[in-house]
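In the numbering used here, the protein residues as written are 1197 to 1459.
The C-beta atom is built at its ideal place from N, Cα and C for all residues, glycine as well.
Note that the coordinates shown come from a computational prediction; the quantities given were computed from them, not determined experimentally.
Contents: one structure, followed by commentary.
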Ligand SMILES: [Zn+2]
């Protein structure tokens, strides 16, 4: 029969706690400590703290069974918090090392002109009746991206702004266009009214109009004639017979036979 558990005071409790930490405690000492910490809050927290220290040092087996799990749980919790903090730090670092090369790759592509950011070909519908690839665009829905080879057309009331780099094309009323080139902004006008601004080319079945930088050229293509008005800057008309310089303020027309006439 085990005798009654000896009562110890706080000083003795602290001595026992140190002994446990050193691994030099005895069973009666530990039993006495256990009784003491049940009633003494200060020693209890020291005891739990010491057991936590032991657990964190990998000495779980030396812990009092009653306190072991609690200490391990506390330690595990701390370890998992640290693990989360470490993995966050890692992932932030990893993100940085991944993001920088990606950023430079994007920048180099943009510089090489292979990515279309703001300057990429786009259509902005300024009224109802603007179609791209056979779909009507919503007015004020923002710019719709277009690619070389794609066809745009406007109805009688349709108005659209097409941007290719610094070149702008305005479709007014009945107009049908096909984007032919981006590096040298080129459109093919099938019919209708088109305003061409900036360095650009417009292909028509009656000839090619090349606008210089800063020029504004108004084109009107019907079944049997092409009207050319130079509102600003200069342009060149290119046809089978050669090239003709067209100057600011001049109006020209090309007949069905491809003859250029000053109006
Ligand atoms: Zn105490």
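Where does residue 1210 sit, in a helix, a strand or coil, going by DSSP? helix
Which first and last residues belong to the alpha helix (DSSP H) in which residue 1436 is found? No alpha helix (DSSP H) contains residue 1436, which DSSP labels as neither H nor E.
So is the beta-carbon of residue 1238 under 7 Å away from any non-hydrogen atom of ligand 1? In terms of side-chain proximity, the C-beta atom of residue 1238 is found nearer than 7 Å to a non-hydrogen atom of ligand 1.
Closer than 7 Å to a non-hydrogen atom of ligand 1 - does that hold for the CB of residue 1228? no
Which listed residue (1366, 1233 and 1360) has its alpha carbon closest to that of residue 1349: The residue among 1366, 1233 and 1360 with its C-alpha nearest the C-alpha of residue 1349 is 1366.
Assign residue 1235 to one of three DSSP states: helix, strand, or coil. helix
For residue 1459 and residue 1308, the rounded distance between their alpha carbons: Its pLDDT being 48, under 50, residue 1308 is placed unreliably by the model, and the measurement read from it follows with that caveat. Computed Cα separation, rounded: 43 Å.
Comparing the CB of residue 1471 with every heavy atom of ligand 1, is any distance shorter than 7 Å? Because the chain in this structure spans residues 1197 to 1459, residue 1471 falls outside the shown range and cannot be described.
Among 1429, 1419 and 1428, which residue has its Cα nearest to the Cα of residue 1449? 1419
In whole angstroms, what separates the C-alpha of residue 1364 from that of residue 1357? 7 Å
Could you check if residue 1388 is buried or exposed, using at least 16 other CB atoms within 10 Å of its CB as the buried criterion? Residue 1388 should be labelled buried.
Starting from residue 1387, follow its DSSP beta bridges and name the residues at the other end. 1372
Looking at residue 1454: is its Cβ nearer than 8 Å to the Cβ of residue 1402? yes
Throw me the rounded Cβ distance for the residue 1329 and residue 1344 pair, which I believe falls under 8 Å. Not confirmed; about 13 Å, so no contact.
Check whether the region 1428-1435 touches the region 1397-1413, taking contact to mean three or more Cβ pairs, one atom from each stretch, closer than 8 Å. yes
Use the C-beta contact count for residue 1310: other C-beta atoms within 10 angstroms, 16 or more gives buried, fewer gives exposed. Confidence at residue 1310 is low in this model, with a pLDDT of 46, below 50, so the placement of that residue should be treated as unreliable; the coordinate-derived value is given next. The residue in question, residue 1310, is exposed, as its Cβ has fewer than 16 Cβ neighbours within 10 Å.
Write down the C-beta distance between residue 1379 and residue 1411 rounded to the nearest angstrom, noting that I regard them as a contact closer than 8 Å. Not quite, the Cβ-Cβ distance comes to about 18 Å (not below 8 Å), so this is no contact.
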